[in-house]
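Right, one structure below, let's go through it.
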Amino acid sequence: MTAETPPTPTGRDWLDLSRPADPVRPEPAPSPGPGWGTRLRQGAARVGGEARTRLSAGVAGHLVPPLRAAGRHPGLKRVAGGIAVGSDRTAALLARVRWGRVAAALALVVALPVLALLGWAAATLPPLSGPKTAETALTVQAQDGETVATRRTGAGRPLAADAIAPAMRQAMVAAQDPHAFEPTRLDGYGIVSVIRGAFRDELDPAPRAGSVRLTQALVRDDILGGARGLVPSLQEAMLVLWLEARESRDAILTRALNAARFGPDLTGIDAAARGVFGKEAGALSLAESAALAGLSVAPATLRPDRDGAEMQARARRVLDTLVMTGTVSRAQADEALRALPGLAVADASAATRSGLPDLVAAAARERAGGARDLVVRTSLDRGLQAAAEGAVARRLETGARRAAALLALAPDGAVLAAAGGAPLAGPAALAAGEASLRRIERDGRPVYDRIRAAPLPEGEQRAAMLALLPALARQPATAGARDGFTLGSLDGMLVGTWFSAEDDRTPEAGADDAPDALWRDFAAQVQASQPQAAKAPAQAQAPAGRMRPMPASAEVRAPWQNPEIKTASTTPRALRGVPKVVDTGRLRLDGQSVRLAGVEGQGGRPAREFRQYLRKREVECTPAGEPETYRCRAGVQDLSEVVLFNGAARAAANAPPDLAAAEANAKSRGAGIWQN
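The following block contains the structure:
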């Protein structure tokens with residue numbers, strides 16, 4: 001019997017007290033399970049294996065027998081052998097391909113055109129001063145050789161910031177971008193925002209990250225000249241990022257003033273100040289600055305000597321923005337508003353306001369071609385022009401009408417005299433401008449002479465007159481507009497008059513005779529200016545369908561006027577509609593300026609809160625006695641009382657007791673401007 005060897009104890013025996021204890025061994029940490037990636041791969045492999053097993057069973061049951069039978073055919077055996085050899089070669093070739101190099105080559109093929117496009121855009125960047133403008137001059141003359149208008153193109157001198165009036169800088173900011181001096185961040189999001197904005201056709205009026213509207217408008221309109229496309233958009237993004245990163249907002253504003261277009265011909269504030277008002281840019285007043293800033297608003301197509309009404313309308317909007325932003329006070333803006341109608345625009349006249357010089361200039365440039373210095377002779381008769389201007393001015397003073405026009409056409413359709421409140425426009429105006437072109441001179445030598453022109457048929461001449469007159473009179477675009485016109489022959493020319501007004505339902509004695517009265521007034525001046533021998537035969541033919549024919553020896557006299565016409569037409573009427581807030585004491589409603597009675601308005605934050613209060617609310621205003629002063633209500637709330645009660649304005653010295661009490665209440669509560 002073999003004795004068994006006892007097992008060697010692995011640990012300390014509990015009776016072996018003489019040997020030191022073994023060190024305690026830590027328990028092994030449990031091994032971590034597979035990660036999520038491993039689990040997903042294992043799950044996908046398991047699902048794929050099951051699907052492959054089931055698919056193989058189905059294929060083996062349905063396709064293997066036919067394929068096995070077909071495989072016995074000798075031709076198919078040869079084809080299968082060739083396919084097997086080709087597959088082996090393809091597999092060997094693919095095994096030798098280095099896919100990393102293939103991916104790099106594909107990325108290079110894609111990146112090279114992009115890099116080339118970016119390089120081309122960077123290499124063809126225009127200078128920051130903008131495209132150079134060729135200096136040309138086109139002189140428009142009357143038929144006797146006297147200058148009627150001059151159209152000069154060219155850029156002014158670049159001016160430093162201190163050489164420009166502060167009012168001009170403020171007005172430019174108000175017209176182009178009231179948020180120009182708000183901070184922006186040129187971080188990753190800002191850069192993406194600039195690039196995205198460069199590829200949009202419309203400039204975003206709201207403030208955005210990366211850049212302000214002023215910088216983008218400077219680059220797009222003045223430096224790039226308004227060009228659109230892939231390369232110009234890339235260049236726009238590059239230049240905007242460069243300007244925002246390298247220059248201050250004051251420097252960008254100075255660049256914008258020196259590069260902006262103030263109308264079709266004037267580039268830069270230096271050329272605009274000298275060409276429009278005949279003074280340096282540092283001497284511009286607030287009213288003049290607002291007018292020039294309005295001209296720079298896109299599209300910059302207004303001419304100061306032609307589009308005076310539109311220029312003043314834009315200037316009023318600029319002044320309203322200055323008040324809203326708190327840049328100028330309401331009193332300063334009111335003073336500038338009163339000065340707007342009296343601004344002396346260089347070379348402005350009734351002839352330039354009719355738009356005829358520009359129509360003839362366009363026809364002359366089309367014939368002469370290119371940017372050249374030209375002298376253009378027109379069919380305009382200065383004697384008839386003076387008579388037309390005088391007749392229109394007198395009838396507008398004595399009549400209740402708002403707009404009037406007088407046009408005299410030669411037998412060939414050329415314009416002999418034109419007076420009105422708006423420039424000629426439309427296809428008929430282009431035809432009249434072409435017919436009014438008589439001579440073109442370049443470098444002192446004639447390049448075009450219209451020696452003889454065939455007369456138009458009577459029907460075509462009258463059709464041209466009726467197409468031109470409404471635009472020249474600028475009829476009000478409202479449902480209550482009333483218009484009247486008269487056509488008649490005078491000394492071989494066709495004379496037409498047009499009156500246009502708003503029907504405010506006031507008694508207007510003689511209103512129906514206003515076009516005839518204007519026609520007779522003009523005819524009387526024409527006959528008075530003729531020699532005595534030429535007055536014997538009557539040359540004035542009464543307008544058909546508008547008045548009775550005059551006897552041969554009858555003297556053309558103006559009809560008597562009712563002296564109450566002007567008083568009746570100036571009676572203020574109640575206004576109703578959704579207003580635009582200028583400040584807390586002034587609204588613009590139905591195209592008119594409305595002052596809240598008993599309120600001295602405030603701009604800035606109170607005006608913005610007042611605008612929020614009146615947002616899309618209809619207001620009804622009744623005259624309060626003083627000019628442009630009204631008591632307005634929004635529902636049952638008196639707006640003057642609301643403004644004073646909330647501390648958004650001060651009560652005027654002549655405010656009624658209820659408004660003074662509202663102001664006292666606001667003072668006691670410390671509301672609005674009365675906060676300590």
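Residue numbers for the sequence shown, in the UniProt record's numbering: 1 to 676.
C-beta atoms are modelled at their ideal positions from N, C-alpha and C, and glycine is treated no differently.
Runs of the beta strand (DSSP E) spanning 3 or more residues and lying entirely within the segment 377-455 occur at 403-409, 415-419, 437-442 and 445-449, in chain order. Runs of the alpha helix (DSSP H) spanning 4 or more residues and lying entirely within the segment 131-190 occur at 166-176, in chain order. If you draw a 10 Å sphere on the C-beta of Phe199, you find fewer than 16 other C-beta atoms in it, and that means exposed. In this structure, the alpha-carbon of Ala142 lies about 13 angstroms from that of Ala350. One thing to note: Ala417 has its Cβ no nearer than 7 angstroms to the Cβ of Ala431. Straight across, the Cα-Cα distance linking Gly647 with Ala165 is about 34 angstroms. Between Arg306 and Gly355, the gap from beta carbon to beta carbon is short of 7 angstroms. Of all C-beta pairs linking the segment 287-307 to the segment 244-254, fewer than three are shorter than 8 angstroms, placing the two stretches out of contact. The Cβ atoms of Ala123 and Gly268 lie no closer than 7 angstroms to each other. Ala651 is bridged by DSSP to Val599.
Ala121 is bridged by DSSP to nothing; it lacks a bridge partner.
Here Trp120 is exposed. Its C-beta has fewer than 16 other C-beta atoms within 10 Å. Taking C-beta separations shorter than 7 angstroms and ignoring five residues to either side along the sequence, the partners of Thr622 in its chain run Ala574, Tyr630 and Arg631, following chain order.
Taking 8 angstroms as the upper bound for CB-CB distance, Ala404 and Gly420 are in contact here, some 7 angstroms apart. Residue Ala634 holds the alpha-carbon nearest to the alpha-carbon of Arg615 among Ala634, Gly601 and Ala624. About 5 angstroms separates the CB atoms of Gly263 and Arg303; that is less than 8 angstroms, so the two are in contact. Close CB contacts of Asp221 within its chain, under the 7 angstroms cut and outside five residues either way in sequence, are with Ala298 (chain order). Assignment of beta-bridge partners to Phe499 by DSSP yields Ala404 and Gly484. A buried status is given to Asn258, since no fewer than 16 other beta-carbon atoms sit within 10 Å of its beta-carbon. Distance from the CA atom of Ile195 to the CA atom of Glu202, rounded to whole angstroms, is 13 angstroms.
The C-beta distance from Leu468 to Ala429 rounds to 6 angstroms, short enough to fall under 8 angstroms. Within the same chain, Gly598, Ser640, Glu641, Leu644 and Ala651 come within 7 angstroms of Leu659 by CB-CB distance, once the 5 residues on both sides are set aside.
Look at Ser296 here: in three-state DSSP terms it is coil, with no helix or strand label.
Inter-residue distance for Glu600 and Gln592 is about 18 angstroms (C-alpha atoms, whole angstroms). Leaving aside the five residues that flank Thr352 on each side, the residues in its chain whose CB is nearer than 6 angstroms to its CB run, in chain order, Ala149, Asp305 and Arg306. For Val582, the enclosing beta strand (DSSP E) has its first and last residue at Lys580 to Asp583. Beta-bridge annotation (DSSP): Gln612 is not paired with any residue. Look at the beta carbons and you see the segment 224-232 not touching the segment 185-194: under three pairs across the two are nearer than 8 angstroms. In the three-state DSSP reduction, Gly577 falls in the strand class (E or B). Where Glu247 is concerned, there is no enclosing alpha helix (DSSP H), because DSSP gives it neither an H nor an E.
Asp638 is bridged by DSSP to Arg633. Non-local C-beta neighbours of Leu234 in its own chain, meaning closer than 8 angstroms and more than five positions away in sequence, comprise Leu117, Leu118, Ala121 and Ala198, ordered along the chain. Under the DSSP definition of a beta bridge, Arg353 lacks any partner.
In this structure, DSSP gives Arg228 a state outside helix and strand, which the three-state scheme calls coil.
Using a Cβ distance threshold of 7 angstroms, Thr153 and Thr136 count as a contacting pair. In this structure, Leu128 lies away from Asp270, with their beta-carbon atoms at least 7 angstroms apart.
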